[in-house]
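Structure first, then comments.
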Amino acid sequence: MKREKDFWDLKRVDEQADSMVRKCVMYFGPSQAPLLQVGFRGLVQTDVGFRAYLTTIQNYKDTCGASTWETMMTYAEKLRRDKTRIAFFSSTPQGGGVALMRHALVRFARRIEVDLSWYVPKPLPTALRITKNIHNILQGVSPTSQRITAEEKKAVIHWITENAYRYWLSESGPLRPAEEGGAHIIIIDDPQMPGLIPLIKRFTPDRPVVYRSHIQIRSDLIAKESSAQADVWKFLWSNIQLADMYISHPIPAFVPHSVPRAKVAYMPATTDWLDGLNKPLRDWDVGYYGNMYNASCHAQKMTELHWPARKYIIQIARFDPSKGIPTAIDSYAEFRRQCKVAGIEDTPQLVLCGNQSVDDPDASIVYDQTLDQIMSLCPELMKDISVMCLVPNDQLLNTLISKAHVVLQLSTSEGFEVKVSEALHAGRPVVATKTGGLPLQIKDSVNGFLVEPGDWMAVASHLMDLFTNNALYERMSYAARTGVSDEVGTVSNALCWFYLASKWRDIGTGESGKAVLQPNERWVYDMARDEANCPYSAAEEQLPRCPIEDKKIN
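When we follow the working numbering, the leftmost residue of the sequence shown carries the number 1, and every step to the right adds one.
This is the structure we're talking about:
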């Protein structure tokens, strides 16, 4: 039987071609990168609204060891068999490490047919300013006088509640009971979204809710009753305490003292070895994205990059008060002074760049402060320092980080920085601070150097070593390239979430909604491997585990 012609078939070839061009313009921006798609109910639709297929299952299998893959598939098959639905909620669909991890996780889950969705609220600038202040206070990088008022706390709760009732608790929404099509397990990201937890527990007290903290929380400051941190944490904890599990970066000091240790589990931040941030680039691609960077610099009258004629040092991070950008500038100025004393004329440039997160109103302020610091303290170096707030483009960041000679991460407060993992994967030695999760990622004097926060003299000294001692540089570069653990890749991240979803689906929350899965400060990755009866082999690279005696808060 002949298929009835539809409207598309009636179009001439030139009309069809013109229509395809218009559709491509809708989905791809001027940089030819796919535009972010956020659909109905705030559903984040990766890869051009799920239309583009960028990876294969074999691609992912090649990025990890056999044990990691087999363990992950054990839980993925169970989730498919049980038709388990997983929903993530976070504040922004683009910008920052959380969004990168969620994009990668959604993409991977769709390839292996696990029902996993990711939702974001409709943005409200006033609420995002408040949540950013909360973020800064918890990290200890806000002005000492800054507080969150009762009205501001109400505004954040109202913003989240309004989104929940309008988009997620309405018919067929992800927060409806599971028997009505809602998710079986819910994960809440970071301090912007905890207001959802009481709503979820009110409607479905027996549904598992996991809270995932991605930032360095100054639990030492929270322990001081009159501090701004204690006040903010009291507000957040009133909601978070209803969650069934509290997952933190694997640093015990990041977990406030009020969180029951039985509820605490650890997971590192991860990156995707297949996406534009990490995939191998051809020389032509490197030239293309290098020219793109310089074109952006030229348009903003900023110093252009002279690679490959000159080497460069780079720090890729959001323009955020906690990222240690002033230390990077001071370190570079001292390094250049030492180069002058040593008679070194072939000096490298410094690049300070990053993407702006949708929920981060501090970027423009810190960017301006950065330029002011250079112009006031070392104006003669302005021609050698390139400072750029970039539009999101993974391949561009990949080019910049993979061709750098040395990578810096001089944060004063940090969680578990995926940019460090990406730099090590590219074989770039990293000079970073002894803060947050960075000491877990860098082996001091093996694949990089660790310094005290703000110690620009030590940073300058290590830069001199890496630019004058070729044998040291090559040794560190090799150690960086070959020493990255499976635990910081997408497959391992999926393994952890698939295990938790599978386990919670099996055991539920017990009577009266009380949690019955108690990790007791274990790594989720270890719990998943044990459950699947898949022990570690001697050849597997592992991130360091913090010993029990280091878990006490001073």
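C-beta atoms are modelled at their ideal positions from N, C-alpha and C, and glycine is treated no differently.
In this text the structure is predicted, and so the values were computed from the model without any measurement.
Open item on the list: Suppose the cutoff is 7 Å on Cβ atoms and the five residues either side in sequence are ignored; what does the same chain contact list for N294 look like?
Closed with: E304 and L305
Open item on the list: Using CA atoms only, rank isn't needed, just tell me which of D384, G354, W159 and L352 is closest to A309.
Closed with: D384
Task: Segment contact, 8 Å Cβ cut-off, at least three pairs: the stretch 229-247 with the stretch 270-279 - done: no
Task: Whole-angstrom C-beta distance between L424 and V418, which should lie under 8 Å - done: Not a contact, Cβ separation roughly 11 Å.
Open item on the list: Under DSSP, the beta strand (DSSP E) around Y266 begins and ends at which residues?
Closed with: V264 to Y266
Open item on the list: Taking a contact to mean a Cβ-Cβ separation below 7 Å, would you say F416 touches A253 in this structure?
Closed with: no
- [ ] Determine, using beta carbons only, whether G182 and I160 come nearer to each other than 7 Å.
- [x] no
TODO: Going by CA-CA distance only, name the one from Y246, I251 and M267 that's closest to V259.
DONE: Y246
Task: Residue from H184, Q16 and E474 with nearest C-alpha to P208 - done: H184
- [ ] For N355, write down the residues that DSSP places opposite it in a beta bridge.
- [x] L390
- [ ] For the stretch 17-85, list the alpha helix (DSSP H) runs that are entirely contained and at least 4 residues long, ordered along the chain.
- [x] 46-50, 57-61 and 66-82
TODO: Let me know the alpha helix (DSSP H) ranges lying completely inside the stretch 194-246, each 4 residues or longer, listed in chain order.
DONE: 196-203, 219-222 and 228-240
Open item on the list: Within a Cβ cutoff of 6 Å, which residues of the same chain sit near V255, ignoring the five residues on either side of it in sequence?
Closed with: S248 and V264
Task: Endpoints, the alpha helix (DSSP H) within which Y289 is located - done: D283 to A299
Task: Beta-carbon contacts of E77 that lie in its chain and below 7 Å, excluding the five residues immediately before and after - done: none
TODO: Output the distance between the C-alpha atoms of A432 and Q349, rounded to the nearest integer angstrom.
DONE: 18 Å
Task: Close Cβ partners of P361 (< 8 Å) along its chain, the five nearest in sequence each way excluded - done: P125, L128, R129 and K132
TODO: Sort H158, S213, D115 and A228 by Cα distance to Q146 and report the nearest one.
DONE: A228
Task: Enclosing beta strand (DSSP E) for S117 [first to last residue] - done: D115 to Y119
- [ ] Consult DSSP for S421 and reduce its assignment to one of helix, strand or coil.
- [x] helix
Task: Presumed contact (8 Å Cβ cut-off) between T557 and R85, rounded CB distance - done: Because the chain spans 1 through 554 in this model, residue 557 falls outside it and cannot be assessed.
- [ ] Just confirm the distance between the C-beta atoms of Y75 and L495, as a whole number of angstroms; I'd bet it's less than 8 Å.
- [x] 7 Å
- [ ] List the residues that DSSP assigns as beta-bridge partners of L408.
- [x] V431
Task: Per-residue DSSP class, three states only, for V156 - done: helix
Task: Expected contact under 8 Å - CB spacing of L79 and S502 to nearest Å - done: 6 Å
TODO: Quick one: using the 10 Å Cβ neighbour count with 16 as the cut-off for buried, is D189 buried or exposed?
DONE: buried
- [ ] Assuming L352 and T327 form a contact by the criterion Cβ under 8 Å, report the distance between their Cβ atoms to the nearest whole angstrom.
- [x] That pair is no contact at about 11 Å.
Open item on the list: Quick check on DSSP: helix, strand or coil for Q395?
Closed with: helix
Open item on the list: Within the continuous alpha helix (DSSP H) that includes V98, where are the two ends?
Closed with: G97 to R111
Open item on the list: Below 8 Å, how does it come out for the stretch 436-447 and the stretch 405-416: are there three or more Cβ pairs, yes or no?
Closed with: yes
Task: Alpha-carbon spacing of D444 relative to A479, whole angstroms - done: 11 Å
TODO: State the beta-bridge partners of W523 as determined by DSSP.
DONE: Y266
Task: Check whether L169 and I200 have beta carbons under 7 Å apart - done: no
Task: Test item: CB-CB of A460 and S376 under 7 Å - done: no
- [ ] Spatial neighbours of Y473 within its chain, please: CB distance less than 7 Å, with the 5 preceding and 5 following residues excluded, ordered by chain position.
- [x] P429 and L466
- [ ] Give the range of the alpha helix (DSSP H) segment to which Q192 is assigned.
- [x] Careful: Q192 lies outside any alpha helix (DSSP H) and carries neither H nor E.
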